[in-house]
Structure formats: C-alpha cells, structure tokens
Amino acid sequence: MKRPIPLCRWMFAAIAGTLLGNCLAVAHADDAELRRLLHGPDRCDHVIGLLLRHGVNNNANPAATVNAFHPYGPVAIPAAELGDLQLESIARHADTTGCGPSFDLVIKNCSTRDVCGAHVTLVGLLGRILPTSPNVTAKLDSVPAGQAIQVTLTLPIESLAMGNLNGQIIGLNRVLVVVDSYDQFMESDEANNLRSYELAALPLAAAVVTEVTESAAAVSPETTTPDPTTDASSQSAQPSSPSDIGGGFSSPDLRTAIDQFTDNAPSP
Numbered sequence: 001m002k003r004p005i006p007l008c009r010w011m012f013a014a015i016a017g018t019l020l021g022n023c024l025a026v027a028h029a030d031d032a033e034l035r036r037l038l039h040g041p042d043r044c045d046h047v048i049g050l051l052l053r054h055g056v057n058n059n060a061n062p063a064a065t066v067n068a069f070h071p072y073g074p075v076a077i078p079a080a081e082l083g084d085l086q087l088e089s090i091a092r093h094a095d096t097t098g099c100g101p102s103f104d105l106v107i108k109n110c111s112t113r114d115v116c117g118a119h120v121t122l123v124g125l126l127g128r129i130l131p132t133s134p135n136v137t138a139k140l141d142s143v144p145a146g147q148a149i150q151v152t153l154t155l156p157i158e159s160l161a162m163g164n165l166n167g168q169i170i171g172l173n174r175v176l177v178v179v180d181s182y183d184q185f186m187e188s189d190e191a192n193n194l195r196s197y198e199l200a201a202l203p204l205a206a207a208v209v210t211e212v213t214e215s216a217a218a219v220s221p222e223t224t225t226p227d228p229t230t231d232a233s234s235q236s237a238q239p240s241s242p243s244d245i246g247g248g249f250s251s252p253d254l255r256t257a258i259d260q261f262t263d264n265a266p267s268p
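Reminder that position 246 of the sequence shown reads as 246 in UniProt numbering, one-by-one numbering, no gaps.
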C-alpha cells in the first residue's frame with residue numbers, strides 16, 4: 001500500500017514551480033505592436049477594455065501605497081513615485097475639405113520622471129463605441145517630468161460619414177480621448193485617462209497667422225544730370241557785354257565818354 005504524499009510536499013512543489021516560472025517568464029512592458037498585429041491597426045478594442053475597467057470622466061483617489069505584481073514577485077510602490085499622465089485641454093481645428101477632423105491635445109506629465117513611449121488614442125463616436133469606430137493612435141516619444149506637450153491627431157475621413165438621417169449623411173458628434181491607451185504605465189490615477197467630449201462644445205484651436213511685412217526699398221535721391229543742349233542755349237542767351245544790357249546806353253560811364261567825344265569833335 002502506497003503512502004499518500006503529504007500536503008506540505010504538494011505546497012512546496014507548487015510554490016517552487018511558481019517561483020521557477022516567474023524567473024523564466026519575460027516581462028513585456030509594451031504589447032502595443034502585438035495588439036496591432038492581432039487585431040489590426042484600425043480597431044479600438046483596447047479602449048473598450050479600459051472603459052469597462054475605469055469608466056469615463058472619472059477620478060480615483062490614489063492610495064498611500066500600491067501593491068503591484070511583477071514576474072519576479074509582488075512589489076509595493078509609493079503613490080508619490082508613480083506620478084500621473086493627464087489630459088490638460090483639447091481643441092478642434094476648423095474643417096478642411098477632403099480631410100478628417102483634427103484636434104490639438106495637451107498632455108501633462110505629473111511626475112518626477114520623464115515618460116517615454118506612452119500612447120494616446122482618439123476615437124470618433126456617433127452613439128455607442130464599436131471596435132471599428134474611427135480612431136487614431138499616436139506614440140508620445142517623451143513627456144518631460146512636470147511638463148506638458150501638445151500633439152495633433154487627425155481622425156480618418158470616415159468619421160464624417162458615420163450615419164444616415166433621412167438620406168443625409170451625418171458624422172461624429174462626440175470624441176473619446178484615452179491617455180496611455182495601451183495601459184503600459186502604472187499611474188496614481190488611472191481613471192482620469194479616459195475623457196469624453198461633445199464635439200459642438202469643443203473650442204476652436206487658435207489659428208497661427210504668419211504676417212510677412214515687406215519693407216519698402218530705400219529710394220536714393222535722384223541726381224539731376226545737366227542737359228548739354230539746355231546749357232548751351234542758356235549760355236547763348238546770356239549777354240556777352242555790358243552794352244547788351246538795357247538797350248546800349250544805359251551805362252553812365254559810356255554816356256560820359258560819348259559826350260566828351262562829341263564836344264571835342266571839330267565843327268564843320
């Protein structure tokens with residue numbers, strides 16, 4: 001008759017197997033590319049999962065310490081060390097013919113460390129969200145600690161034709177913004193990453209107008225070149241002798257000399 005294996009041996013084997021599996025497991029912090037390969041680049045299934053978990057337009061008060069699980073074992077992380085990514089503002093661009101709607105998003109990093117490689121997803125909505133709802137995802141290369149960056153996202157042009165109302169094509173009427181849309185980073189407030197807005201309530205982005213001031217070219221003073229023909233005619237018009245001035249006998253000295261010559265002339 002076989003002796004039953006004690007329960008402690010089973011427990012030891014289970015714990016040893018778990019530890020060995022954790023040591024051999026590979027931790028993947030970024031599975032965004034895997035999701036794109038499995039589901040395609042045009043789907044937003046990852047956003048629906050976050051909606052079911054955190055809701056929308058919510059905020060969560062962080063605990064003093066967050067207990068997290070890692071392939072190498074559980075760890076306790078102070079909430080002050082986690083930081084948080086949050087959406088500061090959103091504005092829409094004016095409509096452009098032949099292009100989908102564009103939006104300016106300002107995302108702030110409320111932490112003491114730079115965040116690199118996070119993703120933000122923008123979804124256009126008309127009614128309920130679907131895995132095939134028009135969306136766009138952008139990767140944030142780096143968000144400096146304590147600072148905010150602006151990113152411009154443009155939805156596909158299909159977002160302007162999402163429904164039909166009495167034969168009239170209608171587009172999106174709401175947008176959903178999801179920060180850290182692939183849930184790659186642990187944050188002190190995960191719930192504030194999902195924000196929904198009415199399209200009509202969004203402010204228009206300020207248009208950047210570049211003014212080009214053209215300075216008038218400096219005009220140099222014109223130098224008048226004397227005309228030789230004019231000079232010659234003017235010189236010829238000038239009197240050549242004093243007798244030409246005033247009709248001949250206007251000079252007193254000349255008149256006196258003539259009178260003396262007349263007086264000394266012999267009479268006939």
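Each residue gets a CB set at the ideal place from its N, CA and C atoms; glycine is no exception.
Tell me, to the nearest whole angstrom, how far the beta carbon of V106 is from that of S133; I am working on the premise that it is less than 8 Å.
V106 to S133, Cβ: 23 Å. No contact.
Around the C-beta of G127, are 16 or more other C-beta atoms found within 10 angstroms, so that it is buried, or is it exposed?
With fewer than 16 Cβ atoms within 10 Å of its Cβ, G127 is classed as exposed.
Do T121 and C44 have their C-beta atoms within less than 8 Å of each other?
It is a contact, given that the beta carbons lie within the stated cut-off.
Can you say whether N59 is buried or exposed, counting buried as having 16 or more other CB atoms within 10 angstroms of its CB?
Residue burial annotation: N59 is exposed, with fewer than 16 other C-beta atoms found within 10 angstroms of its C-beta.
Under the DSSP definition of a beta bridge, which residues are partnered with T132?
Answer by DSSP bridge pairing: none, since T132 is not bridged.
According to the Cβ coordinates, are D84 and E187 closer than 8 Å?
Taking 8 Å as the cut-off, the beta carbon of D84 is found closer than this to the beta carbon of E187.
Confirm, please, whether the CB-CB distance from A118 to F103 is below 8 Å.
No, these two residues do not count as a Cβ contact at 8 Å.
With a 10 Å radius around its C-beta and 16 neighbouring C-beta atoms as the bar for buried, classify I129 as buried or exposed.
It counts as buried.
Under 8 Å, do V123 and N135 count as touching if we go by C-beta distance?
Yes; because the gap between Cβ atoms is below 8 Å, this pair is in contact.
Quick check: what's the CA-CA separation for L165 versus P101?
Distance between the alpha carbons of L165 and P101 is about 20 Å.
Measure the C-alpha to C-alpha separation of Q86 and A205 and round it to an integer number of angstroms.
A straight line joining the alpha-carbon of Q86 with that of A205 spans about 19 Å.
Compare the C-alpha of L199 against each of D42, R174 and I149 and name the closest.
Distance check between L199 and each of D42, R174 and I149 places R174 closest, using alpha-carbon atoms only.
Compare the beta carbon distance of F185 and V115 with 8 Å and say whether it is the shorter of the two.
Remark: C-beta atoms of F185 and V115 approach each other more closely than 8 Å.
Which of the three DSSP states, helix, strand or coil, is assigned to V179?
Of the three classes helix, strand and coil, the one that applies to V179 here is strand, per DSSP.
Environment of N57 [buried if 16+ CB atoms lie within 10 Å]:
Exposed, since its Cβ has fewer than 16 Cβ neighbours within 10 Å.
Given G171 as reference, the closest of C99, R53, Q150 and V47 once Cα atoms are compared:
Among C99, R53, Q150 and V47, the Cα nearest to that of G171 belongs to C99.
Straight-line CA distance for T97 to E190?
Approximately 37 Å, taken between the alpha carbons.
A191 (DSSP reduced to helix, strand or coil)
Reduced to three states, the DSSP call for A191 is helix.
In chain order, what residues of the same chain have a beta carbon less than 6 Å from the beta carbon of residue 284, not counting five sequence neighbours either side?
Residue 284 is absent from the model: the chain starts at 1 and stops at 268.
Please report the straight-line C-alpha distance between G167 and V47, rounded to a whole angstrom.
C-alpha separation (whole angstroms): 31 Å.
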